[in-house]
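Participant: There's a structure below that I have some questions on.
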Amino acid sequence: MAEGAALAAGLRALGVTEGTTLLVHAALGGTGLDARTLRDALLEVLGGGGTLVVPAFTPENSTTSAAHLRQTAGLTADARARFLASMPAFDPARTPCPGMGRLAECVRLSPGAVRSGHPQTSFAALGARAGELVKDHPADCHLGEESPLGRLAAAGAEELMINVGFGVCTSFHLAEYRIPDIPTRPYRCVVGTGGGREWFEYRDIELDDSDFELIGADFPRGSLREGKLGNVAAMAFPIKEAVAHATKWMTEKRR
């Protein structure tokens, strides 16, 4: 109880208010923060009119992701074939998102949570606007205007980052869809088909987070609210401002 009250106070000090639509990234390992307690504190502060959103990404469900390449590095052809045959098909209702951390899994599994259907970059949400934010998620729009991220930006949502830096700032990816001449590439993942599974291929832009720390270092401090949740560093900012900054930065400095 005391921990939850302290977290709620810390969230309010970071500018999180009732009715906010909030995208949260959190790395709780080694922090002592409990995912369920943090989720409950977030929902308390957001209130009945607010919405809590988390990334529920599944890069493991792919043959084209860095996560998959790490998992299969060094395998023989036969071992790789067995690995591919054993990969479970993506199911929005059941597939976990282990790489997104304990808070994301906690939100995904919460009663009433809804999740978008993208097989690699889905979002899970709880609250007043959850359904409208995640209802449609085209395969060829990982994190663009037609994705939940695009709707979060349009809705005036905020982003809260707990114990993580700008290197994993999802909002910056929306900027990649707004810069000219962005390259595209093929993606391949396994999806469910009425009890079966099949490999699904599509094209989208080539997502690149290699310069996100640099983009974050130049982020206007006047738009950034920094503080702590317990002893854990956190920061919050408007998604629209993050996307506008990243779009300008990428347009001028990406080569």
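Numbering (the numbering used here), first residue to last: 1368 to 1622.
Beta carbons: idealized from backbone N, C-alpha and C, even for Gly.
Since the structure is predicted, the reported quantities are computational estimates derived from the model, not experimental observations.
Return the CA-CA distance between Q1438 and C1464, expressed in angstroms with no decimal places.
Facilitator: Between Q1438 and C1464, the C-alpha separation is close to 16 Å.
Participant: Pairing CB atoms from the stretch 1611-1621 with CB atoms from the stretch 1582-1599, are three or more of them under 8 Å?
Facilitator: The stretch 1611-1621 vs the stretch 1582-1599: in contact.
Participant: Do L1405 and L1374 count as a contact pair if the criterion is CB distance below 8 Å?
Facilitator: Their beta carbons are under 8 Å apart, which means L1374 touches L1405 by this criterion.
Participant: Using a Cβ-Cβ cut-off of 8 Å (strictly less than) and excluding sequence neighbours within five positions of E1573, which residues of its own chain qualify?
Facilitator: The answer, listed in chain order, is I1549, P1550, T1551 and R1552.
Participant: For the structure I just gave you, are there three or more beta carbon pairs, one from the stretch 1379-1396 and one from the stretch 1423-1435, closer than 8 Å?
Facilitator: They do not touch, by the three-pair rule.
Participant: To which residues of the same chain is G1479 closer than 7 Å at the C-beta, ignoring the five residues directly before and after it?
Facilitator: So the list reads L1493, once near-sequence residues are dropped.
Participant: Return the chain-ordered ranges of every beta strand (DSSP E) run that is complete within the stretch 1405-1433 and spans a minimum of 3 residues.
Facilitator: Counting only runs of 3 or more, we get 1418-1422.
Participant: Would DSSP call T1439 helix, strand or coil?
Facilitator: T1439 falls in the helix class under three-state DSSP.
Participant: Is there contact between the stretch 1552-1572 and the stretch 1448-1464, where contact requires at least three CB pairs shorter than 8 Å?
Facilitator: Verdict: yes, contact present.
Participant: If you reduce the DSSP assignment to three classes, tell me which class R1545 lands in.
Facilitator: In this structure, R1545 counts as coil in the three-state DSSP scheme.
Participant: On the criterion of 16 or more Cβ atoms from any shown chain inside 10 Å, does L1476 qualify as buried, or is it exposed?
Facilitator: When all chains shown are included, L1476 counts as exposed.
Participant: Candidates T1618, G1597, A1402 and L1541: which alpha carbon is nearest R1310's?
Facilitator: Since the first and last residues shown for the chain are 1368 and 1622, residue 1310 lies out of range.
Participant: Taking C-beta to C-beta, are V1391 and V1412 nearer than 8 Å?
Facilitator: No, the pair does not count as a contact, with Cβ atoms beyond the cut-off.
Participant: Thinking C-alpha only, which one of D1571, M1602, R1622 and C1473 is nearest G1377?
Facilitator: The shortest Cα separation from G1377 among D1571, M1602, R1622 and C1473 belongs to M1602.
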